[in-house]
Amino acid sequence: YQCPVQIDYVLAYEEDGNDASESPSTADFEKLDQDVDQDEDTEDKNTPQTASSTKEKKQNRRFYFETNLQKMGLQIERVMISPNDRTSLPGFLDSILSKIGIFDFEPRVKKVLEEPDFFTAPYSSDRRKQFVNWDRPDILFPHAERSRMVYDLLTRAHYDDPRLNSKGKTQNHYRFGIERLVAQGVYTAAYPLHQTLRNDSSEMSKGNEVSQRELLYNHWVSYRNVLKYQPLDCIKRYFGSKVAFYFAWLGYYTRSLYLAAFVGIISVLFGFLNVSEDIVR
Numbered sequence: 001y002q003c004p005v006q007i008d009y010v011l012a013y014e015e016d017g018n019d020a021s022e023s024p025s026t027a028d029f030e031k032l033d034q035d036v037d038q039d040e041d042t043e044d045k046n047t048p049q050t051a052s053s054t055k056e057k058k059q060n061r062r063f064y065f066e067t068n069l070q071k072m073g074l075q076i077e078r079v080m081i082s083p084n085d086r087t088s089l090p091g092f093l094d095s096i097l098s099k100i101g102i103f104d105f106e107p108r109v110k111k112v113l114e115e116p117d118f119f120t121a122p123y124s125s126d127r128r129k130q131f132v133n134w135d136r137p138d139i140l141f142p143h144a145e146r147s148r149m150v151y152d153l154l155t156r157a158h159y160d161d162p163r164l165n166s167k168g169k170t171q172n173h174y175r176f177g178i179e180r181l182v183a184q185g186v187y188t189a190a191y192p193l194h195q196t197l198r199n200d201s202s203e204m205s206k207g208n209e210v211s212q213r214e215l216l217y218n219h220w221v222s223y224r225n226v227l228k229y230q231p232l233d234c235i236k237r238y239f240g241s242k243v244a245f246y247f248a249w250l251g252y253y254t255r256s257l258y259l260a261a262f263v264g265i266i267s268v269l270f271g272f273l274n275v276s277e278d279i280v281r
């Protein structure tokens, strides 16, 4: 089975036009190792020499970091891009609403949006054949879980080699973590990527969706679905359990206000119908 390529995380950085595209050389690494005793967070960045040294260190740390990510099993693809301009009483009520039917999706759509009920357990590679879609790595984990797993690797990958102390012995000390690299300016940003939405609305019509994001676009965020239930399973697959739990709580809270809203409407209508009997003093 040939798995389609999926982009789970993006690491962005900027380079000058005269930067070399080749990987840093061994000499660059040796130069970096000579400066390991200098505090990387307290450098004077005002002089031209320091600016050049800082630039080389960023390239070296980026190379070390990406090399260690590949050793951890992540596939990395480098893409050059140019910036573009941006374009501008719940149980009782549920039983009643379910009988009305206008709030529910069609059976065909509901089957796609809802997640089948399976026995769940923490994933273990030793028992991987017992999990649904174990032979389909591209869909074994939902979009949100894939991004979270990649982020976990990014926070644990180191970006330098073991150092040598004054006695020539190796020190078991590493600098690691994508957050630290972003804070240092080695990378300008690190973020998970949304699934692509097709530009042609006719191709993305209901029933022709090819991604979870298109399903959410057609059956959740559109104003046409204002009287529909939220597709919580689809939200969980794309955004994760925390976001889905928030919207589930929001729906519960909204339904709990139905009775109060109904009493309020009756009170307003009663006052409007009896306004002629009001006594002005």
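Read in order, the letters of the sequence shown are residues 1 to 281 in UniProt numbering. The beta-carbon is built from N, C-alpha and C at its ideal position, and this holds for glycine as well. The structure presented is a predicted model; accordingly, all values stated were derived computationally and were not measured.
Here the alpha carbons of P231 and F245 stand approximately 12 Å from one another. Closest in C-alpha terms to Y64, from the list V243, V280, L193, V186, comes V186. A distance below 7 Å between beta-carbons, with the five flanking residues on each side excluded, links Y123 to the following residues of its chain, in chain order: F131. Distances from the alpha-carbon of S241 to those of F141, V275, K57 put F141 closest. Just so you know, the alpha carbons of S256 and L250 end up roughly 10 Å apart.
In the three-state reduction of the DSSP assignment, H158 falls in the strand class, which pools E and B. Just measuring C-alpha positions, the residue of P137, D135, A189, T120 sitting nearest L154 is A189. Per DSSP, reduced to three states, the secondary structure at V268 is helical. In the structure shown, L193 falls within a coil segment according to DSSP collapsed to helix, strand and coil. From the listed residues I178, V226, Y229, the smallest Cα separation to N68 is found for I178. Non-local beta-carbon contacts of R61 in its own chain, meaning distances under 7 Å to residues more than five positions away in sequence, involve Y159, D160, L181, V186 in chain order. In this structure, the straight-line span from the alpha carbon of R128 to that of Y253 is close to 39 Å. By a beta-carbon distance limit of 8 Å, I235 contacts F247. Their separation comes to about 6 Å. Residue environment for H194: exposed (fewer than 16 other C-beta atoms within 10 angstroms of its C-beta). Judged by DSSP in its simplified three-state form, V275 adopts helix.
The three-state secondary structure of L69, taken from DSSP, is helix. Annotated as proximal: Y9 and Y151, with beta-carbon spacing under 8 Å.
The continuous alpha helix (DSSP H) containing L232 extends over residues 232-239. Between Q6 and W220, the alpha-carbon positions lie close to 24 Å from each other. Among the bridge pairs identified by DSSP, F176 is matched with H158. Secondary structure at V150: helix, using DSSP grouped into helix, strand and coil. With a threshold of 16 other beta carbon atoms within 10 Å, E209 meets it and is buried.
Here V182 carries a helix assignment [DSSP, helix/strand/coil]. Beta-bridge partners of V132 (DSSP): none assigned.
Apart from the 5 residues on each side of it in sequence, F118 sits with its Cβ closer than 8 Å to the Cβ of V132 in its chain, given in chain order. Look at L140 here: in three-state DSSP terms it is helix.
Judged by DSSP in its simplified three-state form, V79 adopts coil rather than helix or strand. With a beta-carbon spacing of about 6 Å, L197 and R213 fall inside the 8 Å limit used to define contacts. Annotated three-state conformation of V10 is strand, per DSSP.
Note on geometry: alpha-carbon atoms of R175 and R78 lie some 23 Å from one another.
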